[in-house]
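Please read the structure below before turning to the comments.
Residue numbers (this note's numbering): 16 to 443.
Structural data, given as structure tokens:
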């Protein structure tokens, strides 16, 4: 109530100030605060160019996987444009947003607080109280969409000979390069939606096996690339999902090794990891599966923690509130045969169905060493043209499919099939 009420008050003050009425003083204060906040947000967005290479790689991976998404540079362009970013536009957009707001009330509690009809009654009361503040008086289901556009289907390795997104980090103070490798699998299990996407879902057994593989990956890749080979201080591997499409992500950031060599070592590790799980005993696989299952259903430390877990289901528009309780037994029952079958279907080097994408982010030093930049362009003078020069001189030194900028990335996405979004309209 406080937040929505304050939004309405600010909109009224802006409109009163526009009309030149008594709200002039309030309008002036809002205008000053608006400019301060705009400058802070602009500074934050500009500073993303100074993010660590592994974080920039993660951002660009999301740019690739999400079908329709704006880039931070496009947000920056709007913020810098006075004709698009001003108090009047802010008020108009806020009014449109409030007029098409769909309320979703999540009430988490226990015992007497949620007994019988108490929970639904309380949730309805909160929703009705907020609804009174909104200009939308529609009584029927919202016609709003989920706002999700789906996930890009990556090409198989035979299709693309391997897909690389190659970027040069423009920050002259940065000494690190990074490789993020993502292997796309299939549609995860979940609540049936009654749509075509349900027919594309993996079996619960296969989905659980992929989670166990991810648990086995981290200690193995860390030991090999970080401890034994000393490639970099940041090495990781974990299960990753993009709007319900499962996968495996591997990360290595290094100051002493360029991305091309990191990738070669990562590829070698993939082969040896496949051999490792082949040699693991059934007991070792079962122990890891049961440990993962136990962590999935580990009791929350507080009601707030439990509420945040449920809120995550709402924010992702998945609404699978019993997901952890359902999936824990599935994971616990994973066998060595399940793990090997999932590995050989989705991740094993050399298989025709493997769908990898490699994000190669170069420091200026490594870019020069790899021949991606002429020596003259890599002077660390902090000039304004470093980023433009780096992008202009980035060149394809690889036989695989290489994407180097936002334009070529979007061109690649436009020609690719998409997985339909798994987001659901709970309210309709």
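Virtual Cβ for every residue (Gly too), placed ideally from N, Cα, C.
Check                                                                                                            : Outcome
Which of helix, strand or coil DSSP assigns to residue 187                                                       : coil
Where residue 202 sits in the DSSP three-state scheme                                                            : strand
Sub-8 angstroms separation of residue 361 and residue 368 beta-carbons                                           : yes
Straight-line gap, residue 353 to residue 279 (C-alpha atoms, nearest Å)                                         : 28 angstroms
Min CB distance residue 69 to chain C below 8 angstroms                                                          : Given the protein chain composition of this structure (a single chain), no chain C is represented.
Reduced DSSP secondary structure (H/G/I, E/B, other) of residue 195                                              : strand
Length-filtered (3 minimum) beta strand (DSSP E) runs lying within the segment 254-322                           : 260-269
Residue 18 (DSSP reduced to helix, strand or coil)                                                               : helix
Secondary structure, alpha helix (DSSP H): runs of 4+ residues fully inside the segment 37-119                   : 39-61, 68-80, 87-95, 102-114
CB of residue 53 within 8 angstroms of CB of residue 100, strictly                                               : yes
Under the three-state DSSP convention, the category residue 246 falls into                                       : coil
Distance, residue 338 Cα to residue 316 Cα                                                                       : 19 angstroms
Per DSSP, the bridge partner or partners of residue 252                                                          : 265
Proximity to residue 249 [Cα-Cα], best of 191, 293, 201                                                          : 191
In chain order, each alpha helix (DSSP H) run of at least 4 residues that lies wholly inside the segment 313-394 : 318-330, 338-347, 351-357, 379-384
Residue 416 in three-state terms, based on DSSP                                                                  : strand
Contact check, residue 261 vs residue 225, beta carbons under 8 angstroms                                        : yes
C-alpha gap between residue 104 and residue 149, whole angstroms                                                 : 19 angstroms
With 16 other Cβ atoms within 10 Å as the buried cut-off, status of residue 302                                  : exposed
Identity of the residue in 227, 284, 336 nearest residue 300 by Cα                                               : 227
Residue 425, enclosing alpha helix (DSSP H) - first and last residue                                             : 421-429
Same chain, Cβ closer than 7 angstroms to residue 75, neighbours up to 5 away in sequence not counted            : 180, 182, 374
Residues that DSSP places opposite residue 182 in a beta bridge                                                  : 376
Simplified DSSP state of residue 166, which is helix, strand or coil                                             : strand
Segment contact, 8 angstroms Cβ cut-off, at least three pairs: the segment 162-171 with the segment 67-87        : yes
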